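Note sheet for the following structure.
Protein chains: 2
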Amino acid sequence: MIGRLNHVAIAVPDLAAASALYTQALGAEVSEPQALPEHGVSVVFVVLPNTKIELLTPLGGQSPIAAFLERNPSGGIHHVCYEVDDLKAARDRLVTNGARVLGDGEPKIGAHGLPVLFLHPKDFNGALIELEQCAA
Amino acid sequence: MIGRLNHVAIAVPDLAAASALYTQALGAEVSEPQALPEHGVSVVFVVLPNTKIELLTPLGGQSPIAAFLERNPSGGIHHVCYEVDDLKAARDRLVTNGARVLGDGEPKIGAHGLPVLFLHPKDFNGALIELEQCAA
Chain Z
1 MIGRLNHVAI
11 AVPDLAAASA
21 LYTQALGAEV
31 SEPQALPEHG
41 VSVVFVVLPN
51 TKIELLTPLG
61 GQSPIAAFLE
71 RNPSGGIHHV
81 CYEVDDLKAA
91 RDRLVTNGAR
101 VLGDGEPKIG
111 AHGLPVLFLH
121 PKDFNGALIE
131 LEQCAA
Chain F
1 MIGRLNHVAI
11 AVPDLAAASA
21 LYTQALGAEV
31 SEPQALPEHG
41 VSVVFVVLPN
51 TKIELLTPLG
61 GQSPIAAFLE
71 RNPSGGIHHV
81 CYEVDDLKAA
91 RDRLVTNGAR
101 VLGDGEPKIG
111 AHGLPVLFLH
121 PKDFNGALIE
131 LEQCAA
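Keeping their order, the protein sequence lines are chains Z and F. 136 is the number that the UniProt record's numbering gives the last residue of the first sequence; the numbers go up by one with no jumps. 136 is the number that the UniProt record's numbering gives the last residue of the second sequence; the numbers go up by one with no jumps.
Here's what the structure looks like:
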C-alpha cells in the first residue's frame, strides 16, 4: 500500500538559519522559502536525489507545528510522508486495522496541493505519518 | 555533498509487533528481522520504492537506542541517514562549519558494513543525522 517516501519533515525554529546550515555544512541544494499561510508554515525543500527533506517553521498564530517546537525548542524530526495510490482506500484499510486518522478522518488538501491524511503517532510507534495521494 | 536518503530509522519497543503493523496496516514489504549484536540493535527494513525505513529495537545491555526508548517508551523517529561520496571529506567540511561529530570523530563501520558517522543533533535542529559512505 504505502509507496514512495515523499518527504521527511523537520521542524526548525529559524528557517533562514536552517537553510544556510543545510547549504553550507551539508552541501545540499535548498529551495527558496515558501510561505503557506493556509497550512500555518513556511517551508524550504532540501533536494536529494531520491526524495526531499522539508524544513518547516511556524507561520501565523495557529501553526500545526507550534506545540512541537514548544516541546522541542531547537527543532526535531516531525513526520514522514508516504505516497499512496488511493488515499481513501488506504484510510479504510488503516481504520479496519485499528489505526486512528487525525481530525475528522476525511482527506484535506496538503501543502503540495494533493489530498493528505495524518495518522495518530500513538498507533505507529510514536512516528507521525502523513499519507499523500499520488499525483495523477 | 549529501546524496541519497539511505534510510529513516524509527526506534520501536517491539519489533515483531511493529513489523506486523507495517505489513498489515500500511501494506508494506518488511524484511525478516536481523540481529546486529555488535550494534546493539535488531532491525527490520521496510522496503519502499525509493528508500527504506529501518525499524530498530534494542539488543543487549548497551544498546545505543535504549536511552531514546526510555524517554519515548512507545518509540519514535530516531535518525535520518544520508549517503556521501567521501565520508572523511564530509566530516572535515562539517567540522570547518562548526558542526560536531559524535564520538571520537573517526568513521566506524555501521550496520550496513560501510563507514558511518553521526552528527550532534543540537547542531542540526534536533535531528540526529547519520552519514554513510557510499558503496564503492
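Just so you know, even glycine gets a beta-carbon here, dropped at the ideal spot from N, CA and C. All values reported here derive from a predicted model rather than from experimental measurement.
Any C-beta of chain F sitting closer than 9 Å to the C-beta of residue 88 of chain Z? Taking the first sequence and counting its residues from 1, one reaches residue 88 of chain Z at position 88. Judged by the 9 Å Cβ criterion, residue 88 of chain Z is not in contact with chain F.
DSSP on residue 41 of chain F, reduced to helix/strand/coil? Position 41 of the second sequence, counting from 1, holds the residue named residue 41 of chain F. Here residue 41 of chain F sits in strand by DSSP.
Nearest to residue 55 of chain Z by CA position, among Z/45, Z/85, Z/24, is which residue? By one-based count along the first sequence, residue 55 of chain Z stands at place 55. Among Z/45, Z/85, Z/24, the Cα nearest to that of residue 55 of chain Z belongs to Z/45.
Whose CA, out of Z/107, Z/121, Z/84, lies closest to the CA of residue 72 of chain F? Position 72 of the second sequence, counting from 1, holds the residue named residue 72 of chain F. Ranking Z/107, Z/121, Z/84 by Cα distance to residue 72 of chain F puts Z/121 first.
So which residues of chain Z does residue 28 of chain F contact, with C-beta pairs closer than 8 Å? Mapped onto the second sequence, residue 28 of chain F falls at position 28. Within 8 Å Cβ-Cβ: 1, 2.
Contact set for residue 132 of chain F: own chain, Cβ-Cβ below 8 Å, skip 5 residues either direction: As a first step, residue 132 of chain F is located in the second sequence; it is residue number 132 there, counting from the start. Closer than 8 Å at Cβ, skipping near neighbours: 6, 81, 82, 83, 84, 87, 110, 112, 114, 115, 116.
Verify whether the separation of the beta carbon atoms of residue 102 of chain F and residue 124 of chain F is less than 9 Å. As a first step, residue 102 of chain F is located in the second sequence; it is residue number 102 there, counting from the start. As a first step, residue 124 of chain F is located in the second sequence; it is residue number 124 there, counting from the start. For residue 102 of chain F and residue 124 of chain F, no; Cβs fall outside 9 Å.
Using three-state DSSP, classify residue 11 of chain F as helix, strand or coil. Position 11 of the second sequence holds residue 11 of chain F. Reduced to three states, the DSSP call for residue 11 of chain F is strand.
Could you tell me the alpha carbon to alpha carbon distance between residue 2 of chain Z and residue 105 of chain F, rounded to whole angstroms? Locating residue 2 of chain Z in the first sequence gives position 2, counting from the first residue. Locating residue 105 of chain F in the second sequence gives position 105, counting from the first residue. Going by the C-alpha atoms only, they are around 37 Å apart.
Taking CB distances under 9 Å as the criterion, tell me whether residue 102 of chain F reaches chain Z. Along the second sequence, one-based indexing puts residue 102 of chain F at 102. It does not: the Cβ of residue 102 of chain F has no partner Cβ on chain Z nearer than 9 Å.
For a contact defined as C-beta to C-beta under 8 Å, what are the partners of residue 49 of chain F on chain Z? Taking the second sequence and counting its residues from 1, one reaches residue 49 of chain F at position 49. Within chain Z, the residues near residue 49 of chain F are 3, 4.
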